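Structure first, then comments.
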Amino acid sequence: LVNWNGFISGANAVDYTKVTHVNVAFINPTNTNGVLGPTTDLLTVSGIVHANSSKVLASLGGAGASKPNWSAVMANATTRTAFVDTLMQFVSDYNLDGIDVDIEGDLLNNTDITVAQYASFISELQVALHGQNKLMTAALGTWFGDKISNVTAQKFDWINAMAYDAFGTWTGPGQHSPYSLAVNDLSYWNGKGVDKDHLVLGVPSYGYGWLNNTSSGSYSMGYKNIVSSYARAVDQDSIRPATGQSLYYNGVATIKDKTALAITNASGVMMWTLQFDLPTSNTGSLIRAIDEVVQATLHNAVPVVSITSPGTNSTFTEGDTISIAADAIDSDGTIDKVSFFSGTQNIGDDATAPYSIDWIGAGPGTYTITAKAKDNGYATGTSSDITIVINTPAEARSFGGPYAIPGKIEAENFDIGKDLGYHDLTAANQGGAYRATTVDIEPVSDAGNGYDVGWVQAGEWLSYTVNIAATTTYDLKVRVATINTGRTFHLEMNGIDVSGNIAVPNTTAWTTFQTVNVPNISLTQGVQAMKLVFDTGDFNINYVSFTTTVTGISDADASGNLSAVVSPNPFSNGAQLNFSLKEGGQTKVTISNMIGASPITLIDQYFAPGDHSVALNGLNLPSGIYLCTITNTGHTKAVKIIKE
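What the sequence shown shows, in the working numbering, is residues 2 to 645, in sequence order.
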């Protein structure tokens with residue numbers, strides 16, 4: 002319950018039949034001596050909460066807390082002890098049931114508050130509060146969890162896991178509180194020794210919107226304002242108010258799913274903040290949705306689920322379609338759905354018996370598979386796990402290809418086989434989407450563009466089996482995004498660089514994509530291995546596409562003073578360079594690779610105005626694509642040639 006926006010009216014509006022604890026946010030030292038505030042109406046609100054048989058705590062900190070004041074009260078043992086004494090007097094004066102510590106990452110930064118100072122403060126505050134039978138809780142996010150030691154984390158009566166703000170006004174658009182984040186956050190605190198009985202899952206009653214898909218056009222919006230502004234918003238998690246705009250939040254269905262998760266993996270649900278929710282008399286209320294799930298599970302038998310195939314320790318080869326099946330029974334209701342997991346990642350759901358999924362795209366490795374059955378009363382049963390092993394294939398295999406050129410090729414549809422169809426330097430898919438390989442894949446925020454490959458590093462590559470329709474030249478388009486400059490990659494066909502370095506422009510945001518055009522790439526007909534090679538890192542790539550350009554390479558330079566044609570092209574043994582000069586002068590003809598390196602000079606002599614021919618014989622070139630460059634009196638014409 003925030004104390005700066007309708008404090009008393011907000012306290013009176015709470016449905017205390019569904020709320021057990023109210024945290025007042027925020028209380029902070031108002032000066033370097035540790036005097037606490039604001040205190041306006043706090044005693045009144047404390048009385049309202051207690052009159053309704055709920056408990057009230059003061060939340061310390063928050064994102065906007067004064068760093069100098071906190072730094073002063075945490076400075077040494079003397080100031081910390083004095084501040085704990087002040088807090089205990091504050092708890093007594095305002096009839097509070099405890100303290101919720103919400104010292105966040107922008108304070109706990111080893112400058113304003115150090116890790117050691119925080120640990121000492123929590124230890125001392127715990128002793129003082131528990132000595133008077135008061136509660137000590139915390140609101141913590143995983144993004145600064147590395148500054149909370151396991152010992153310190155286990156001192157709280159419970160941790161309110163802030164499983165939100167993955168995206169916000171400081172980033173481009175994205176779902177700031179997906180279900181997967183809730184799963185991962187609870188697992189994170191489990192890993193620090195905090196069991197389910199000391200965890201509460203935090204959920205949001207607000208969303209973030211983007212006017213132009215960049216952080217500069219972003220804003221926040223309370224849930225009740227979202228649903229009053231947009232029809233059917235209650236049943237969704239995102240809205241697109243207009244072209245180029247997006248708004249992400251949690252609707253009723255997701256809140257119910259998260260509550261079911263909390264019943265299984267935690268001991269409660271916390272919401273930020275009560276004032277942003279609808280009244281519980283409204284069926285769209287998030288507090289009402291939470292309570293409906295809680296009430297439905299009080300006397301509800303947990304469904305029983307077991308995986309029937311494959312058997313544990315089954316082996317597969319990367320690229321195989323892995324069929325996973327399960328039986329599920331609910332003794333006092335019906336099965337809503339069965340969800341299948343690899344570790345904590347949901348790999349598929351089935352709402353109809355017999356329950357099964359086909360898992361496609363997993364990379365080499367050993368996987369732990371479980372099934373979870375949710376019934377109509379929101380109870381969830383979990384199967385025993387099985388182990389499966391996926392081996393690397395002997396050779397690369399196409400993932401849905403070969404892909405036609407001309408045509409569009411999605412970056413995420415690279416070939417199968419680690420170090421055969423892809424080479425990636427990370428241990429897992431950091432984007433967590435689409436395929437269970439180590440390649441980092443994430444959804445693209447703008448509609449209709451699928452996924453992008455991100456987090457790329459220098460030396461990584463992706464290979465695609467393609468079928469080139471004809472030997473000719475093509476225009477290449479690549480859709481990319483980055484906040485960096487100087488990023489490059491190149492394109493290979495059967496191991497030959499056909500593009501030279503392709504520069505990736507700074508698009509100002511990771512989610513703002515631009516299309517890079519590379520004209521006149523010469524390709525040879527047939528099935529080939531196309532490879533995207535990342536020369537530098539830190540950019541996102543969405544897709545590549547090819548369109549046919551005019552066959553035959555003959556045009557003038559921009560001035561019209563010099564034109565050239567090579568025939569035949571492609572060639573096997575020899576070819577003829579025919580060129581025309583409007584002005585006489587010293588003329589040089591060279592052959593080089595596609596980036597202009599290591600040129601071979603064929604001719605360097607005076608030519609009169611007019612038409613001329615030069616035989617391109619005896620060059621002893623390996624198969625590949627080259628540049629034949631003619632320079633005359635300050636004019637240059639480069640012709641791409643293909644040696645078969």
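A virtual CB, placed ideally from N, CA and C, is assigned to each residue, including glycine.
Computed from a prediction, not measured in an experiment: that's the story for all the values here.
CB-CB length for residue i against residue j, believed under 8 Å
| i | j | result |
| --- | --- | --- |
| N430 | K478 | Incorrect: roughly 26 Å between the Cβ atoms, too far for contact. |
| D101 | S150 | Not a contact, Cβ separation roughly 19 Å. |
| D98 | K135 | 6 Å |
| Y95 | N53 | With 8 Å as the limit, Y95 and N53 do not qualify as a contact, their Cβ atoms being about 17 Å apart. |
| A565 | I631 | 5 Å |
| I160 | A154 | 7 Å |
| N70 | N32 | 6 Å |
| V85 | L126 | 5 Å |
| L563 | L617 | About 17 Å; that fails the 8 Å criterion. |
Endpoints, alpha helix (DSSP H) assigned at residue i
| i | result |
| --- | --- |
| R289 | L287 to T298 |
| G378 | Element bounds for G378: n/a, residue is neither H nor E. |
| R81 | A78 to D94 |
| G48 | L43 to A52 |
| S181 | Y180 to G192 |
| V116 | V116 to G132 |
| D337 | D337 -> not in any alpha helix (DSSP H); beta strand (DSSP E) instead, spanning I336 to S343. |
| K225 | Y224 to S230 |
7 Å CB neighbourhood of residue i in its chain, flanking five on each side removed
| i | result |
| --- | --- |
| I626 | I497, V499, S523, M595, K641 and I643 |
| N251 | S178, V204, P205 and D238 |
| A183 | A164, L202, K259 and L262 |
| N450 | N543 |
| I114 | W71, S72, M75, I104 and L108 |
| Y189 | T143 and G146 |
Within 8 Å, strictly: CB atoms of residue i and residue j
| i | j | result |
| --- | --- | --- |
| W144 | G106 | yes |
| I264 | P304 | no |
| N427 | W456 | The displayed chain sequence assigns Thr, not Asn, to residue 427. In contact: T427 and W456 (Cβ atoms closer than 8 Å). |
| I389 | Y368 | yes |
| P403 | T466 | yes |
| T298 | A380 | yes |
| H646 | D536 | Residue 646 falls outside the range modelled here, since the chain spans only 2 to 645, and no answer is possible. |
| I308 | I370 | yes |
| G320 | P407 | no |
| G334 | D376 | yes |
Own chain, CB closer than 6 Å to residue i, minus 5 neighbours either side, in chain order
| i | result |
| --- | --- |
| L622 | K644 |
| Y435 | E413, I442 and Y452 |
| I592 | I601, Y627 and C629 |
| S310 | A326 |
| A352 | K338 |
| G422 | A397, F415, D416 and S464 |
| N24 | L58, S60 and D101 |
| I323 | F317 and W360 |
| K532 | W462, S464 and E493 |
| T552 | In this prediction, T552 has a pLDDT of 40, which is less than 50 and means its spatial position is unreliable; what the coordinates show is noted afterwards. T473. |
| L141 | I160 |
| D612 | S581 |
| S555 | Because the pLDDT at S555 is just 45, under 50, the model does not fix this residue reliably, and the point stays unresolved. |
Continuous beta strand (DSSP E) stretch holding residue i: start and end
| i | result |
| --- | --- |
| K641 | H636 to K644 |
| E411 | G408 to E411 |
| N392 | I387 to N392 |
| I358 | Y356 to W360 |
| N518 | Q515 to L524 |
| L58 | K56 to G62 |
Given residue i as reference, the closest of the options once Cα atoms are compared
| i | options | result |
| --- | --- | --- |
| R241 | W211, K257, G223 and T255 | W211 |
| A139 | I104, I114, S124 and A117 | I104 |
| M272 | G223, N111 and R233 | G223 |
| S501 | F514, T513 and N521 | First, the residue type needs correcting, since residue 501 is Gly and not Ser in the sequence shown. Cα-wise, what sits closest to G501 is N521. |
| A504 | L492, G487 and T513 | G487 |
| I409 | L492, S546 and V228 | A quick correction: the sequence has Lys, not Ile, at residue 409. Measuring from the Cα of K409, the nearest candidate turns out to be S546. |
| V454 | V152, N579 and W511 | W511 |
| H424 | T112, V440 and Y207 | V440 |
| T550 | T513, D476 and S121 | D476 |
| E411 | G586, N541, A374 and N485 | N541 |
| V36 | G418, Q90, T284 and T548 | Q90 |
| V295 | K19, G418, A405 and K375 | K19 |
| T172 | N213, N191, K193 and T112 | N213 |
Chain-order list of residues whose beta-carbon lies under 8 Å from that of residue i (same chain, five-residue window excluded)
| i | result |
| --- | --- |
| N6 | Q276 |
| T525 | I469, T472, M494, P571, I643 and E645 |
| T21 | S55, K56 and G269 |
| S121 | A78 and R81 |
| A290 | V253, I256, K257 and T260 |
| D42 | N4, F8 and I9 |
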